[in-house]
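For the record, in the sequence shown the residue sitting at position 224 is 225 according to my numbering, with numbers rising by one throughout.
Cβ atoms here follow ideal geometry from the backbone N, Cα and C, with glycine treated the same way.
Note that this is a predicted model, so its numbers are computed, not measured.
Since the structure comes first, as structure tokens, the remarks are kept for the end.
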Amino acid sequence: MSRQQRPPSPPEALVPSLIAPSGGAQLDPHQRKFNRLLSQVQKARQELVDWERESALFGTAYAQVVRPLLRDASQARFNLAEQLDLLICAGKGWSRAERELFVELLCELCWGLADDADLTAELRARCQTLHDRHAPQTLEEAERETIEEMRAAFSEMTGLDLGDGDISSPEELLRRAHARMSEAQAAQPDAEADAQPAQRRRKPSKAAAARAEREKAEAEAASQSVREVYRKLAAALHPDRASDDADRTIRTERMQRANQAYAAGDLLALLSLQLEVEQVDAEHIARITSARASQLNGLLGEQLQEVRRSLLEQQFAFAEGYGFDPYERLSAKALGSLLKRERTSVLAEVAFLQSELRTLRGDKSIVKAWLRRQRQEREQAAAMDDLLDELLAFNPRRR
């Protein structure tokens, strides 16, 4: 089999090696930094590959294991709402305070269930009917009121106006608020520059100018290095050099990878391709000079930041999509435990809701005791909220 006819190796199989000292000489700072960055990029990329694989497996398992339990939990909450409606409509035997608490609990349940994706459209509509039957205002009216309160609070805190257009949901308001803040932040540097007096706009110092010039030269040299590697690959992988159709297919696939890597400025991918097509060997890369390492360190640093940023973005989107804490530290290895934890949590919630339903279907004395516990819990929660408000409002400097 000819050199170009070897089957493509997986991207992770051939990776550039670290710079090795030669002749007993020690590596200089640029070479040590190159080694450190190269190791960090390779590790970060493997973490990203692991995350993408494990998060996809998590999604499949979540749909099979947890999603049915979430539907059970939503159904159990709906059953509770219907039972509360029956108790309210029964009328006799309940004090005014007890009836008011029944209504309050029912409305809170229906508020959350009215847009619960784990309920059927028919049951969601039924929840809205239950709410509107007992509440002083309809769900639609309550949502509009909530949106206006959020709009006013946003304007008061930020000084920004969201306009007079209709906002259909709290989620839409949050999206619009985020976009409005992004616009304001983007405009702020220009406004600050315009407001700055001309005499205060100083020219950069000689040292800063020299540093900027040096960084620019290093960036240009690094780009030139990437272009050189790419040109060599493009010449070696040209389809006209193919010996047969199979070789042409391999060359085309590798050339596509080279084009993608070059467009992204992905030095590591280009060096890996060079190893694949045997343009260089590991020892050649291990003999990178100090000057060459200095040129390439900036590119490796940028690649490291990009891979880490991509991983964080995927982890944040994952947490947001599944309703997890976005600030919880996630890793590919932990997703199996996270799935088990979520399953256990939802199972416990279903069991609790079913227990609450049995209580509400019991004797009136048991239901009245349940109502007393609910009232006590709400009073304790309100007292804690008041205490937190006082602590947040407390300013020791006023004393």
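Exposure of residue i, with buried meaning 16 or more beta-carbon neighbours within 10 Å
i           : result
residue 306 : exposed
residue 367 : exposed
residue 1   : The question about residue 1 has no answer here: the residues shown for the chain are numbered 2 through 400.
residue 108 : buried
residue 87  : exposed
residue 262 : buried
residue 388 : exposed
residue 234 : buried
residue 232 : exposed
residue 392 : exposed
residue 127 : buried
Distance CB(residue i)-CB(residue j) smaller than 8 Å
i           : j           : result
residue 315 : residue 102 : no
residue 266 : residue 38  : no
residue 140 : residue 129 : yes
residue 274 : residue 255 : yes
residue 272 : residue 259 : no
residue 325 : residue 56  : no
residue 295 : residue 31  : yes
residue 163 : residue 134 : no
residue 174 : residue 148 : yes
residue 244 : residue 29  : no
residue 35  : residue 297 : yes
Reference residue i; option with closest CA among the options
i           : options            : result
residue 227 : 293, 172, 163      : 293
residue 49  : 159, 273, 304      : 304
residue 112 : 347, 263, 370, 75  : 75
residue 344 : 60, 238, 70, 105   : 70
residue 188 : 161, 172, 171, 167 : 161
residue 171 : 146, 185, 184, 156 : 146
residue 1   : 251, 246, 270      : No statement about residue 1 is possible, as the shown extent of the chain runs from 2 to 400 and does not include it.
residue 153 : 169, 178, 137      : 178
residue 253 : 263, 240, 261      : 240
residue 144 : 122, 168, 360      : 168
residue 342 : 181, 164, 118, 62  : 62
residue 110 : 131, 94, 92, 99    : 131
residue 138 : 361, 27, 104       : 104
residue 94  : 371, 379, 365, 392 : 365
residue 64  : 322, 40, 370, 136  : 322
residue 176 : 151, 299, 242      : 151
residue 300 : 225, 27, 385       : 225
Closer than 7 Å: residue i CB and nearest the ligand ADP heavy atom
i           : result
residue 164 : The ligand ADP is not among the ligands present in this structure, which contains no ligands whatsoever.
Neighbourhood of residue i by C-beta distance below 6 Å, restricted to the same chain and skipping five residues each side
i           : result
residue 116 : none
residue 331 : 316
residue 136 : 108
residue 282 : Caution is warranted here: a pLDDT of 48 is assigned to residue 282, below 50, making its placement in the model unreliable, and the coordinate value is therefore given only provisionally. Closer than 6 Å at the Cβ level, and outside the excluded window around residue 282, lies no residue.
residue 155 : 178
Cβ shell of residue i (< 8 Å), same chain only, five flanking positions each side left out
i           : result
residue 358 : 77, 80, 81, 84
residue 312 : 45, 48, 49, 52
residue 333 : 48, 51, 52, 54, 55, 56
residue 339 : 59, 325, 331
residue 125 : 114, 115, 116, 117
residue 360 : 367, 368, 371
residue 280 : At residue 280 the pLDDT is 49, less than 50, meaning the model places this residue with poor confidence; the figure from the coordinates comes in the next sentence. For residue 280, where only same-chain residues beyond five positions count, the Cβ hits under 8 Å are 233, 234, 237.
Cβ-based neighbour list, residue i, same chain, cut-off 7 Å, excluding 5 preceding and 5 following
i           : result
residue 347 : 67, 70, 71, 74
residue 355 : 77
residue 317 : 327
residue 308 : 42, 45, 46, 49
residue 372 : 99, 102
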